[in-house]
Ligand SMILES: [Fe+2]
């Protein structure tokens, strides 16, 4: 798998705390079959914007150390950019800073206060500036997930999505798991990421995630699609969302007799 979202670099955000932790995280990633991992430290969280050159330098150093440690994994540069109107000040037209592996794809984070209309404005503004936004873990945003038809619309316009492995195994709670499974059923997921911060909880081990995803209807296809899309991104090929037709709201499941009685 290509892990599109990780806080693998140490001493730059709330992710890895040390060289040893980063190396151990890389070992865990490689052990579950991750071949490539994108280093996506937080950028513009509470207004803190690390220099792009610092991110590149840290990723280069960690890659060398991983090689020395004999860990078979490739680290690519990237960032998880919180998008708001301040972000438009440093995301210049046609630049590639903070993008993934030298591409035009940029991983975009929202906040729980982000609402669909303003988010749409920001996403489209980025596209006008030559970026291809990838929305990080939409399943975690309450206000966006109240109106998932917006995500469908954004996918139609060329915005892509990355969901967190932890969401499929209940790490973020039942509601987030329910949402990510809905996105999976509707083919609205383009990439997977561990969003790993540590070796303990929120770690880069995607093995349990693979099991959980492959239990879903069309889960094997979803897993494969995310891997293929990751590969395409690294090869600088165009990626198309896999949605088809019109957005359709899912009807809430009717409760059966026993569920009504005991649910
Ligand atoms: Fe993250």
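Numbering (the numbering used here), first residue to last: 21 to 283. Ideal Cβ positions, reconstructed from N, Cα and C, are used throughout, including at glycine.
Straight-line gap, residue i to residue j (C-alpha atoms, nearest Å)
| i | j | result |
| --- | --- | --- |
| residue 41 | residue 269 | 43 Å |
| residue 103 | residue 47 | 31 Å |
| residue 265 | residue 243 | 22 Å |
| residue 127 | residue 153 | 6 Å |
| residue 251 | residue 162 | 30 Å |
| residue 61 | residue 273 | 39 Å |
| residue 133 | residue 147 | 22 Å |
| residue 107 | residue 74 | 18 Å |
| residue 276 | residue 245 | 34 Å |
| residue 177 | residue 49 | 32 Å |
| residue 238 | residue 87 | 36 Å |
| residue 257 | residue 145 | 22 Å |
| residue 82 | residue 271 | 48 Å |
| residue 95 | residue 51 | 15 Å |
| residue 142 | residue 65 | 16 Å |
| residue 79 | residue 225 | 20 Å |
| residue 267 | residue 196 | 20 Å |
| residue 229 | residue 149 | 35 Å |
| residue 125 | residue 173 | 18 Å |
| residue 179 | residue 105 | 18 Å |
| residue 151 | residue 129 | 14 Å |
Supposed contact pair residue j and residue i - C-beta distance, whole angstroms, cut 8 Å
| i | j | result |
| --- | --- | --- |
| residue 155 | residue 131 | At roughly 13 Å, the Cβ-Cβ gap does not stay under 8 Å, so residue 155 and residue 131 are not in contact. |
| residue 184 | residue 213 | 6 Å |
| residue 259 | residue 249 | 5 Å |
Within 8 Å, strictly: CB atoms of residue i and residue j
| i | j | result |
| --- | --- | --- |
| residue 227 | residue 234 | no |
| residue 7 | residue 139 | Past the edges of the chain, shown from 21 to 283, lies residue 7, and the structure says nothing about it. |
| residue 59 | residue 38 | no |
| residue 123 | residue 253 | yes |
| residue 160 | residue 192 | yes |
| residue 236 | residue 201 | yes |
| residue 12 | residue 70 | No answer is possible for residue 12: it lies beyond the span of the chain, which begins at 21 and ends at 283. |
| residue 232 | residue 189 | yes |
| residue 72 | residue 117 | yes |
| residue 261 | residue 210 | yes |
| residue 85 | residue 43 | yes |
| residue 45 | residue 247 | no |
Nearest candidate by alpha-carbon position, reference residue i, set the options
| i | options | result |
| --- | --- | --- |
| residue 34 | 272, 262, 218, 250 | 218 |
| residue 110 | 67, 96, 133, 137 | 67 |
| residue 221 | 248, 187, 209, 230 | 187 |
| residue 166 | 261, 137, 246 | 137 |
| residue 63 | 100, 77, 105 | 100 |
| residue 207 | 88, 50, 224, 171 | 171 |
| residue 135 | 164, 150, 129 | 164 |
Local Cβ density within 10 Å of residue i, reported as buried at 16 or more and exposed below that
| i | result |
| --- | --- |
| residue 90 | exposed |
| residue 23 | buried |
| residue 204 | buried |
| residue 36 | buried |
| residue 97 | buried |
| residue 112 | exposed |
| residue 223 | buried |
| residue 198 | exposed |
| residue 77 | exposed |
| residue 194 | exposed |
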